[in-house]
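To start, the structure under review is shown below, and the notes come after it.
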Amino acid sequence: MHASIFVTDDDEVVRSSITRRLTRGGHEVRSFDSGEALLEGLDDDVPDIILLDLKMSGMTGLETLKHIRPKAPQTLVILLTAYGTIEDAVEAMRLGAYDFLIKSVDLSGVGPVVERAIDYLTLRRRVSFENQGSAGRYALKDLIANSPGMRELVAQVQELSENAKTTVLLQGETGTGKEFIARVLHHNGPRGHAPFVGVNCTAIPQELFESELFGYERGAFTGAAQRKPGLCEQAEGGTLFLDEIGDLNPSMQAKLLRVLQERSFKRLGGQDDITVDFRLIAATNRDLKKEVDQGTFREDLFFRLNVVSLQLPPLRQRVDDVYP
Numbered sequence: 001m002h003a004s005i006f007v008t009d010d011d012e013v014v015r016s017s018i019t020r021r022l023t024r025g026g027h028e029v030r031s032f033d034s035g036e037a038l039l040e041g042l043d044d045d046v047p048d049i050i051l052l053d054l055k056m057s058g059m060t061g062l063e064t065l066k067h068i069r070p071k072a073p074q075t076l077v078i079l080l081t082a083y084g085t086i087e088d089a090v091e092a093m094r095l096g097a098y099d100f101l102i103k104s105v106d107l108s109g110v111g112p113v114v115e116r117a118i119d120y121l122t123l124r125r126r127v128s129f130e131n132q133g134s135a136g137r138y139a140l141k142d143l144i145a146n147s148p149g150m151r152e153l154v155a156q157v158q159e160l161s162e163n164a165k166t167t168v169l170l171q172g173e174t175g176t177g178k179e180f181i182a183r184v185l186h187h188n189g190p191r192g193h194a195p196f197v198g199v200n201c202t203a204i205p206q207e208l209f210e211s212e213l214f215g216y217e218r219g220a221f222t223g224a225a226q227r228k229p230g231l232c233e234q235a236e237g238g239t240l241f242l243d244e245i246g247d248l249n250p251s252m253q254a255k256l257l258r259v260l261q262e263r264s265f266k267r268l269g270g271q272d273d274i275t276v277d278f279r280l281i282a283a284t285n286r287d288l289k290k291e292v293d294q295g296t297f298r299e300d301l302f303f304r305l306n307v308v309s310l311q312l313p314p315l316r317q318r319v320d321d322v323y324p
């Protein structure tokens, strides 16, 4: 994939060097000498990626970043600096930067960080394309609701689909259509243009679940040759669906609770907090309230999940909704 990239640095030598390097890679590149000039450029065009120097005369990189998000919410911003601190990196991530790169003399790190960003953009666009193709299959008007239980459920789904921030817990027997209802909630609401990322908690070995959910940094463990975004990052702006959430072990329950409380997480092997914005829909065929009473499921996590609970009627109670 060839990307459109804006390079912003008040050092002409650095700016020109990065621009030449990226242009040779086949990318469409524009350069700016200040944060103010960049923001003016965003009024004309919005790129895939912005490389932004942290320490500039006039508006700093962090100040510029605050103004970028409203103008270009889907653009990946990479902060560059020759002498950054951990505090700068944390603040950049908090403000929505995709990555933070310490510039070497030869600028050798620019290519790899841009390639990682392009890989992420490719993944995001593929998920978005799949979502567009899926939207018609999950239209509210096509839900079959002849039985009283399903008519009530459809009314609840219609109301909830417009409230894109509310966490939803879907409860019901296996085979009652919990994932289907989760997709209906997603595709008929304000987040329908963004990714729907679903995972069955029983399908991933517990020892791998943390790295799948949060992703990992290069070198986090043997075989981690490069950074990998986790499910939380892939669901940015959209919906994260966790099926069979009752099967999470106590350790992962605690880590998921932290994400819901703080809306941030750390990649495995990482030091920086990454802020996230997604709607969580969880599903289970278990009685989680009973498991809370038995001490096998965290009470505080249950209350975070059980903001709105939808009970899906078993198929035997809605024969009018099932094709013969």
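Note that the sequence shown covers residues 1 to 324 in the numbering used here. Virtual Cβ for every residue (Gly too), placed ideally from N, Cα, C.
What residues in its chain sit with their C-beta under 6 Å from that of residue i, if we drop five residues either side in the sequence?
i: Ala-194; result: Gly-237 and Gly-238
i: Phe-100; result: Leu-79, Ala-89 and Ala-92
i: Ser-4; result: Glu-28, Pro-47 and Asp-48
Locate the beta strand (DSSP E) running through residue i, then write down its first and last residues.
i: Thr-239; result: 239-243
i: Leu-79; result: 76-81
i: Val-154; result: No beta strand (DSSP E) holds Val-154; the alpha helix (DSSP H) holding it covers 148-161.
i: Asp-273; result: Careful: Asp-273 lies outside any beta strand (DSSP E) and carries neither H nor E.
Taking buried to mean at least 16 other C-beta atoms within 10 Å of its own C-beta, is residue i buried or exposed?
i: Pro-70; result: exposed
i: Lys-290; result: exposed
i: Leu-54; result: buried
i: Ser-57; result: exposed
i: Thr-81; result: buried
i: Leu-248; result: buried
i: Gln-261; result: exposed
i: Val-77; result: buried
i: Arg-258; result: exposed
i: Val-13; result: exposed
i: Leu-208; result: exposed
i: Ser-31; result: buried
Taking 7 Å as the limit between beta carbons, can you name the residues of its chain near residue i, skipping five residues before and five after?
i: Leu-288; result: Gly-246, Phe-297 and Phe-302
i: Ala-235; result: Pro-195, Val-197 and Phe-278
i: Leu-231; result: Val-197, Val-199, Glu-212, Leu-213 and Leu-240
i: Asp-10; result: Asp-33, Ser-34, Asp-53, Met-56 and Ser-57
Per DSSP, residue i forms a beta bridge with which residues?
i: Glu-28; result: Ser-4
i: Gln-311; result: Gln-171
i: Val-197; result: Leu-240
i: Ile-50; result: Phe-6 and Val-77
i: Ala-228; result: The amino acid at residue 228 is misidentified as Ala; the sequence shows Lys. According to DSSP, which records beta bridges pairwise, Lys-228 is partnered with Tyr-216.
i: Ser-211; result: Answer is none; Ser-211 lacks a bridge partner.
i: Phe-265; result: Ile-274
Can you name the start and end residues of the alpha helix (DSSP H) that residue i belongs to?
i: Leu-332; result: It is not possible to answer for residue 332, since the shown part of the chain is limited to 1 through 324.
i: Ala-283; result: No alpha helix (DSSP H) contains Ala-283, which is instead part of the beta strand (DSSP E) from 279-284.
i: Ile-102; result: Counting along the chain, Ile-102 falls outside any alpha helix (DSSP H), though it belongs to the beta strand (DSSP E) covering 99-102.
i: Thr-293; result: For the record, residue 293 in the displayed sequence is Asp; it is not Thr. Taken as a continuous stretch (DSSP letters only), the alpha helix (DSSP H) holding Asp-293 covers 288-294.
i: Gly-35; result: 35-42
i: Leu-95; result: No alpha helix (DSSP H) holds Leu-95; DSSP gives it neither H nor E.
i: Leu-301; result: 299-305
Excluding the 5 residues preceding and the 5 following residue i in the sequence, name in chain order all residues of the same chain whose CB lies nearer than 8 Å to its CB.
i: Arg-21; result: Leu-107, Val-110 and Gly-111
i: Val-307; result: Thr-166, Thr-167, Val-168 and Leu-169
i: Pro-314; result: Gly-172, Glu-173 and Thr-176
i: Thr-60; result: Gly-35 and Leu-54
i: Leu-121; result: Met-1, Ala-3, Asp-48, Ile-49 and Leu-76
With a threshold of 8 Å between beta-carbons, can residue i be considered close to chain B, or not?
i: Met-59; result: Here there is only one protein chain, and chain B is not present.
**OP:** Please confirm if the stretch 179-187 is in contact with the stretch 213-229, defined as three or more CB-CB distances below 8 Å between the two stretches.
**Re:** No contact exists between the stretch 179-187 and the stretch 213-229.
Original post:
Is the stretch 185-193 touching the stretch 159-168, taking contact as three or more C-beta pairs under 8 Å?
Top reply: Enough Cβ pairs lie closer than 8 Å, so yes.
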